[in-house]
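Enquirer: Numbered as in full-length UniProt numbering, the sequence shown ends at 138 without a single skipped number. For every residue, glycine included, the Cβ atom is placed at its ideal position computed from N, Cα and C. For clarity, every value in this text was computed on a predicted model and none was experimentally measured.
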Amino acid sequence: MFKLKTLTQALACTLLLSAGWVQAETPQDFLSSYQAAAKAADTKFQGFSARRGEQFFKTTHGNDWSCASCHTSNPATVGKHASTDKAIDPLAPAANPKRFTNPRKVEKWFKRNCKDVLSRECTALEKGDILTFLMAIQ
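The following block contains the structure:
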């Protein structure tokens, strides 16, 4: 019975992994993906910039919000949603190792937050610059 239960659990885990249900990545994996997309969008792409990312993060855009409106000007600290006051875990990967490890969550939140802040989706260049900035925070 024990062997059958262990075998069943191993099989279930294998199926979940192969189906893409459990897919952990690293911030660097996302950066590589954004780099490929940025190169495809602009053949003159020269790389991401933490400086541009920080400027983008802290600058208010069309709806008078910036990323820092909720994530604070120091993304290594706990933030608070500007409308709901809900606490937001630190965004910088050094302060929160769970950040930028789940593709579904990363794309969901980039899509939602960019639409809130910019009234459009972020480009690969913008995502890469923001992530480069966040990865530089220790």
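Quick check: the segment 84-102 against the segment 44-51, are at least 3 beta-carbon pairs closer than 8 Å?
Expert: no
Enquirer: State buried or exposed for residue 111, treating a residue as buried only when at least 16 other CB atoms are found within 10 Å of its CB.
Expert: exposed
Enquirer: Count the other CB atoms, across all protein chains shown, that sit within 10 Å of the CB of residue 84; report buried if there are 16 or more and exposed otherwise.
Expert: exposed
Enquirer: So if DSSP puts residue 87 in a beta bridge, which residue, or which two residues, is it bridged to?
Expert: 80
Enquirer: Give a yes or no on contact between the segment 71-89 and the segment 118-126, applying the rule of three or more CB pairs nearer than 8 Å.
Expert: no
Enquirer: Which residue marks the beginning of the alpha helix (DSSP H) containing residue 33, and which one marks its end?
Expert: 27-41
Enquirer: Along the chain, where does the alpha helix (DSSP H) containing residue 55 start, and where does it finish?
Expert: 50-58
Enquirer: Exposed or buried, residue 136, counting other C-beta atoms within 10 Å across all chains shown (16 or more means buried)?
Expert: exposed
Enquirer: Based on Cα-Cα distance, which residue from 116, 35, 72, 25 lies nearest to residue 128?
Expert: 35
Enquirer: Just curious, the alpha helix (DSSP H) that residue 110 is in, first and last residue?
Expert: DSSP places residue 110 inside the alpha helix (DSSP H), whose first and last residues are 103-118.
Enquirer: Considering only residues of the same chain and omitting the five flanking positions on each side of residue 117, which have a CB-CB separation below 6 Å?
Expert: Closer than 6 Å at the Cβ level, and outside the excluded window around residue 117, lie 61, 65.
Enquirer: Leaving out the 5 sequence neighbours to the left and right, which residues in its chain are closer than 8 Å to residue 115 when beta-carbon positions are compared?
Expert: 121
Enquirer: Would you call residue 40 buried or exposed, if buried means 16 or more other Cβ atoms sit within 10 Å of its Cβ?
Expert: exposed
Enquirer: Going by DSSP in three states, residue 71 sits in which element: helix, strand or coil?
Expert: Residue state, collapsed to three classes: helix.
Enquirer: Can you round the beta-carbon distance between residue 49 and residue 101 to whole angstroms, since I take them to be within the 8 Å contact cut?
Expert: Rounded, the Cβ-Cβ distance is 23 Å, inconsistent with contact.
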